[in-house]
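Since the structure comes first, as structure tokens, the remarks are kept for the end.
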Amino acid sequence: MNEETRRIIAGPFNRVEGDLEIRLDINGSAVRAAYVNSPLFRGFEQILEGKDPRDALTIVPRICGICSVSQSMAAAHALAAAEGIAPPPNGERIAAIIHAAENIADHLTHFHIFFMADFARAIYAGESWYGMASEQFRAKNGSSVQDAMNARASLLHIMGLLAGKWPHTLSVQPGGATKAPDQRDRVRLLAIIRQFKDWIEKSIFAAPVERILAIDSLESLRAYHAEAPQHGSLRLFLTICDTLELGSMGLGPKRFMSYGAYPMDGRHLLPPGIWLNGKIMPVDTGLIAEDLTSAWMNGETAHPFEGRTLPDETMANGYSWCKAPRMAGQTVEVGAFARMLIADHPLAQGLLQDGAANVRARVVGRLFEIASTVLAMEQWAADIVPGEPAMVHGRIPQSAKVEGLTEAARGSLGHWLVVEKGRIASYQIIAPTTWNFSPRDQAGTPGPVEQALRGAPVRHGEETPVSVQHIVRSFDPCMVCTVH
Amino acid sequence: MKRPTRTVLWLQSGGCGGCTMSMMCAENPGLFATLENFGLDFLWHPSLSEESGTEVVDILNDIITGKRTLDILCFEGSVLRGPNGTGKFHILAGTDRPMLDWLRLIAPLANYVVAVGTCATYGGITAAGNNPTDATGLQYDGRNEGGALGAAFRSRSGLPVVNIAGCPTHPNWVSETLMLLSEDALALSDLDTLRRPRFYADHLVHHGCSRNEYYEYKASAESLSEIGCMMENLGCVGTQAHGDCNTRAWNGEGSCTRGGYPCINCTAPEFEEPGRMFTETPKVGGIPVGLPTDMPKAWFIALASLSKAATPARLRQNATADHIIAPPADRNTNLK
Chain A
1258 MNEETRRIIA GPFNRVEGDL EIRLDINGSA VRAAYVNSPL FRGFEQILEG
1308 KDPRDALTIV PRICGICSVS QSMAAAHALA AAEGIAPPPN GERIAAIIHA
1358 AENIADHLTH FHIFFMADFA RAIYAGESWY GMASEQFRAK NGSSVQDAMN
1408 ARASLLHIMG LLAGKWPHTL SVQPGGATKA PDQRDRVRLL AIIRQFKDWI
1458 EKSIFAAPVE RILAIDSLES LRAYHAEAPQ HGSLRLFLTI CDTLELGSMG
1508 LGPKRFMSYG AYPMDGRHLL PPGIWLNGKI MPVDTGLIAE DLTSAWMNGE
1558 TAHPFEGRTL PDETMANGYS WCKAPRMAGQ TVEVGAFARM LIADHPLAQG
1608 LLQDGAANVR ARVVGRLFEI ASTVLAMEQW AADIVPGEPA MVHGRIPQSA
1658 KVEGLTEAAR GSLGHWLVVE KGRIASYQII APTTWNFSPR DQAGTPGPVE
1708 QALRGAPVRH GEETPVSVQH IVRSFDPCMV CTVH
Chain B
190 MKRPTRTVLW LQSGGCGGCT MSMMCAENPG LFATLENFGL DFLWHPSLSE
240 ESGTEVVDIL NDIITGKRTL DILCFEGSVL RGPNGTGKFH ILAGTDRPML
290 DWLRLIAPLA NYVVAVGTCA TYGGITAAGN NPTDATGLQY DGRNEGGALG
340 AAFRSRSGLP VVNIAGCPTH PNWVSETLML LSEDALALSD LDTLRRPRFY
390 ADHLVHHGCS RNEYYEYKAS AESLSEIGCM MENLGCVGTQ AHGDCNTRAW
440 NGEGSCTRGG YPCINCTAPE FEEPGRMFTE TPKVGGIPVG LPTDMPKAWF
490 IALASLSKAA TPARLRQNAT ADHIIAPPAD RNTNLK
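If you read the protein sequences in the order shown, they are chains A and B.
Mapped onto our numbering, the consecutive letters of the first sequence carry residue numbers 1258 to 1741.
Mapped onto our numbering, the consecutive letters of the second sequence carry residue numbers 190 to 525.
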């Protein structure tokens, strides 16, 4: 660190899920280097060891209160692989609807509660859009914030109907879901989904969902924006993007991954894949390894089937409880934008900046995913056949080595389960934020967020630079999942 | 009527944030309207407040130095004492100080201390297994009084820690507790023996369970997704679990049992280690062990065998189906 460089510790870094601290080396008016620390460790992987594998369905959702169903889905997929079973069509649809409801609620919470509040900060009082941003997105009492909270609560009636409650439902099972819907459940679901669709069309898009999904390039996104720049939160966000250059802020690694989400009739609504240099390739999870160089953890770099979780707060090189997962030795970015790219959405290419995701791309990816997922949910609900079973039953074998892969709102989530003598011998979890917020590895390569923060602008006199807040929150971090 | 403002500080530690996420599902009125109408002012909440970084540390320091008064401290998640009593498994970001220390500094300054969720009350799921982080509740470590603050702890009002147990908590359990505290209307006698607010903890999950008729006749589900009573085979402890889950809806109209899975007694200390699989009822000689506990076992067995003998065919058929296959007969009941 030379004398012009100053170091600040940003934290508590709130309006994220869980605990986050970032060490920033600032040089002049920009961040020179960032070190991300996840300072809360609970040790779920150890907690699970020795238990009946089926108990994972009770325990793993409690890793996280914001993406608990995603954790359930990953565990259910792993157990289904061990049992050699697959849900019946109704079970697939119900599980997908429950999962999608959570993912959409997460995107909604992120945009309205966690992310946009920073544009209502006094530092932006001179901007032309400040009045609108502040009226709508002030923390706690912004009009859109309150509206979104109500819309979210109504959407989550899906959980009351199909999953008992949210978070921490036990209804997602390896063979489907515990509640077989009747015809009344089917139409009630449609009523909830359609009401929510009406709300996003009015509030977020100020346009029909179909119009949003027809946007296929940056030019047509601009045309949509120009149509009515004052209408809808997406357009307000695009206005802000233009003045603050959010489309070139927070560039991540030029590699993206998705495990695929919502398996249905033999394929995924959101396909799995790795995106590298414009090419989409299959995911080979055999190439994943977790590097512990900068984590307060003992052990060697290992694939999750071999990896352990042995915390040691005295590790000299450690600066986080988070391990550093790498795919074939490299960082990858995961999340809604990665899924959009891997699904080959025509707008996704246009949103890249220099081949990398950025603040605008991540947020637009999330809002577009709300739109496309709602349409899919409506179809799944319509396709439920009352009277048909929602789950099948299997038997846990004495030994197994299986993985369960899914997509949480914020990206790829994998569980690796080893069963010996009918009990859990090892249970390793790599959460989306473990990928995005990983610390440096043995080669000194920063994790995706650490990389994205490099060059973040710092305004005069700022203690916790607001640009850093935009960049970090553009990833929608879920820190409790990160280190579980 | 002008309502006095009560300041609330919300801290999160060894939990999942799920109680906050659940609280944000409050309806009629929503969370923010409730807070406003009862004069509850969040000095800081990690998910809902604008303040970040140094702004937050300033708020905490102002409370400690007496520059700001704190009426209600809400603490979500368990307190991590490890490793080796240092609390270093959770350093409050940006402060270099364990949350354990922040809690011990701030709790005595608050008029009321509220533990939100079973992690904060009794240790919860974070304390399961080998409890790798030495997680505990604020004033209980499992069933034992003590925890991070000690058995003798009293907040400024003289109340011990108020334990809103639940994994997660129902949004209204939290908001109604805060409403009562805003009026100083929650006394020691309003808390049960485990210091849970009696307004919800004096009810059993069994009350209002939509499977009650199956329970009466011991018409049991054998596998998950079947609609019979889940006590005999699937580990359901709703007859013993404290909570109004089946008389007060979750997320519109839900409850665990309505969602098709057993009650795991998540409002109780040590629910995380039931000593058996969560969704299986242990039995000796075909008779469930330990259920229900507030009825003489001999009577339970006698009544259960009687009611089993009298189970209507309709219930016997439906109990092991995933939807009603035998509807109730349509009879003139002659009740005039």
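Every residue gets a Cβ at the ideal spot worked out from N, C-alpha and C, and that includes glycine.
Sequence-distant residues of the same chain with beta carbon closer than 8 Å to residue i, five excluded per side
i: Ser1474/A; result: Pro1603, Leu1604 and Gly1607
i: Pro516/B; result: Arg503
i: Arg1443/A; result: Ala1638, Ala1639, Ile1641 and Pro1643
i: Ser1401/A; result: His1369, Met1373, Gln1393, Phe1394, Ser1460 and Ser1490
i: Arg343/B; result: Pro349
i: Glu1458/A; result: Ala1464, Pro1465 and Val1466
Local Cβ density within 10 Å of residue i, reported as buried at 16 or more and exposed below that
i: Leu492/B; result: exposed
i: Pro1568/A; result: buried
i: Ala508/B; result: buried
i: Ile314/B; result: buried
i: Glu372/B; result: exposed
i: Glu1302/A; result: buried
i: Glu1557/A; result: exposed
i: Leu377/B; result: exposed
i: Ala1518/A; result: buried
i: Pro1510/A; result: buried
i: Glu240/B; result: buried
i: Asp1276/A; result: buried
i: Leu495/B; result: exposed
Rounded distance between the beta-carbons of residue j and residue i, thought under 8 Å
i: Ala1559/A; j: Ala1573/A; result: Not really, about 21 Å apart at Cβ, beyond 8 Å.
i: Ser1411/A; j: Glu1359/A; result: Not a contact, Cβ separation roughly 14 Å.
i: Arg1711/A; j: Val1288/A; result: 6 Å
i: Ile490/B; j: Ile476/B; result: 6 Å
i: Cys1579/A; j: Cys1324/A; result: Going by Cβ atoms, the distance from Cys1579/A to Cys1324/A rounds to 16 Å, so no, they are not a contact pair.
Sub-8 Å separation of residue i and residue j beta-carbons
i: Arg385/B; j: Ala354/B; result: yes
i: Ala1352/A; j: Ala1343/A; result: no
i: Gly1322/A; j: Trp439/B; result: no
i: Ala304/B; j: Ala316/B; result: no
i: Ile1599/A; j: Pro1528/A; result: yes
i: Val1675/A; j: Phe1562/A; result: yes
i: Gly206/B; j: Gly242/B; result: no
i: Ile253/B; j: Leu294/B; result: yes
i: Ser364/B; j: Ala215/B; result: yes
i: Thr196/B; j: Leu269/B; result: no
i: Ala1709/A; j: Ile1728/A; result: yes
i: His1364/A; j: Ala1628/A; result: no
i: Pro451/B; j: Thr436/B; result: no
i: Met1634/A; j: Ile1354/A; result: yes
Under 7 Å from the C-beta of residue i: neighbouring residues of chain A
i: Lys277/B; result: Glu1570
i: Ile453/B; result: Thr1315
i: Ile314/B; result: Ile1316 and Arg1319
Cβ shell of residue i (< 6 Å), same chain only, five flanking positions each side left out
i: Gly1268/A; result: Glu1278
i: Phe1594/A; result: Ala1614, Ala1618, Arg1619 and Gly1622
i: Ile1283/A; result: Arg1263 and Val1715
i: His392/B; result: Asp433
i: Thr456/B; result: Ala354, Gly355, His431 and Gly432
i: Phe1625/A; result: none
i: Leu351/B; result: Correcting the residue type first, residue 351/B is Val in the shown sequence and not Leu. Correct list, in chain order: Val303.
i: Leu1495/A; result: His1482
Interface flag, residue i vs chain D, CB-CB below 8 Å
i: Trp1423/A; result: Within the model displayed, chain D is absent; protein chains A and B are what it includes.
Chain B residues whose Cβ lies nearer than 7 Å to that of residue i
i: Gly1644/A; result: His512
i: Glu1274/A; result: Gly206
i: Thr1721/A; result: Ser241, Gly242 and Thr243
i: Val1737/A; result: Cys205 and Gly206
i: Thr1663/A; result: None at all; the shortest Cβ gap to chain B is about 18 Å.
Proximal residues of chain B, C-beta to C-beta of residue i below 8 Å
i: Asn1574/A; result: What Asn1574/A touches in chain B: nothing, since even the nearest Cβ is about 16 Å away.
Cβ shell of residue i (< 7 Å), same chain only, five flanking positions each side left out
i: Met1514/A; result: Ile1531, Val1540, Met1584, Val1589, Val1591, Ala1595 and Ser1669
i: Gly1679/A; result: Ile1653 and Gln1655
i: Ser532/B; result: As shown, chain B starts at 190 and ends at 525. That puts residue 532/B outside it, with no answer to give.
i: Asp1404/A; result: Ser1460
Beta-carbon neighbours of residue i, restricted to chain A and to distances below 8 Å
i: Ser236/B; result: Asn1271, Arg1272, Glu1274, Ile1370 and Phe1371
Contacts that residue i makes with chain A (C-beta to C-beta distance below 9 Å)
i: Phe221/B; result: Lys1397, Asn1398, Val1402, Gln1403 and Met1406
i: Phe467/B; result: Asp1309, Arg1311, Asp1312, Leu1314, Thr1315, Ile1316 and Leu1427
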